[in-house]
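For what it's worth, the numbering used here labels the leading residue of the sequence shown as 30, then goes sequentially.
Each residue gets a CB set at the ideal place from its N, CA and C atoms; glycine is no exception.
Down below is the structure, laid out as structure tokens.
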Amino acid sequence: MTARTAPRFDLIGLTVADMAASLAFYRRLGIELPAAADTQPHTEAVLPGGLRIAWDTVETVRSFDPEWTPAAGSRVSLAFDCGSPEAVDALWTELTEAGHTGRLKPWDAFWGQRYAILHDPDGNAVDLFAASQPLSEPAPQSERQSEPQLPDA
């Protein structure tokens with residue numbers, strides 16, 4: 030008996046009503062996609078780190094799953110690190126002024142990030158975020174406090 034290999038998370042798949050509109054949105058988020066992909070029934074891109082994101086038209090999905098219907102609501106979001114709080118605000122403004130639906134305007138979240146949520150052309154939640162303040166480098170091990178010692182019981 031061979032040992033079972035653990036599955037590796039490899040791809041995020043989005044089903045889209047309008048391929049060109051969806052790809053235009055994700056290009057604004059920095060995903061590189063060729064212009065020819067706008068007219069294809071399926072396209073994908075490799076993201077930094079190797080994870081892939083793919084887009085399929087509704088017709089493509091229904092070609093192998095004829096009873097497919099879109100799920101109601103959104104329980105998943107794609108989150109993009111914008112690098113700075115100012116970039117979150119600028120990208121939010123750019124995308125909403127381009128007609129994309131904003132869900133939550135940029136705000137300073139209690140967990141230390143500038144955060145905003147909008148929807149892609151198919152209603153998928155897309156989060157924009159950045160650390161509210163630059164992250165500092167951790168102190169060298171020699172400067173860190175030792176673990177607290179618990180008193181003997």
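Give the range of the alpha helix (DSSP H) segment to which residue i is assigned.
i: A119; result: 114-126
i: L52; result: 48-57
Have a look at the DSSP bridge pairing and note the partners of residue i.
i: G42; result: A83
I need the boundaries of the beta strand (DSSP E) containing residue i, first residue and last residue.
i: A32; result: Run containing A32: none; DSSP gives neither H nor E here.
i: D156; result: 154-160
In whole angstroms, what separates the C-alpha of residue i from that of residue j?
i: H148; j: P36; result: 30 Å
i: E115; j: L52; result: 24 Å
i: R56; j: L62; result: 7 Å
i: L107; j: A154; result: 6 Å
i: A138; j: L58; result: 21 Å
i: Q142; j: V45; result: 30 Å
i: T72; j: E123; result: 25 Å
i: A66; j: V75; result: 14 Å
i: P99; j: P150; result: 14 Å
i: V90; j: R81; result: 18 Å
i: L133; j: I41; result: 23 Å
i: L157; j: H129; result: 13 Å
i: T34; j: A83; result: 24 Å
i: S199; j: W97; result: Because the chain is modelled from 30 through 182, residue 199 falls outside the range shown and cannot be assessed.
i: A15; j: S161; result: This structure cannot speak to residue 15, because the chain is shown only from 30 to 182.
task = Please specify which runs of the beta strand (DSSP E), each continuous and at least 3 residues long, are wholly inside the segment 61-146, giving them in chain order.
result = 71-75, 81-86, 106-110, 131-137
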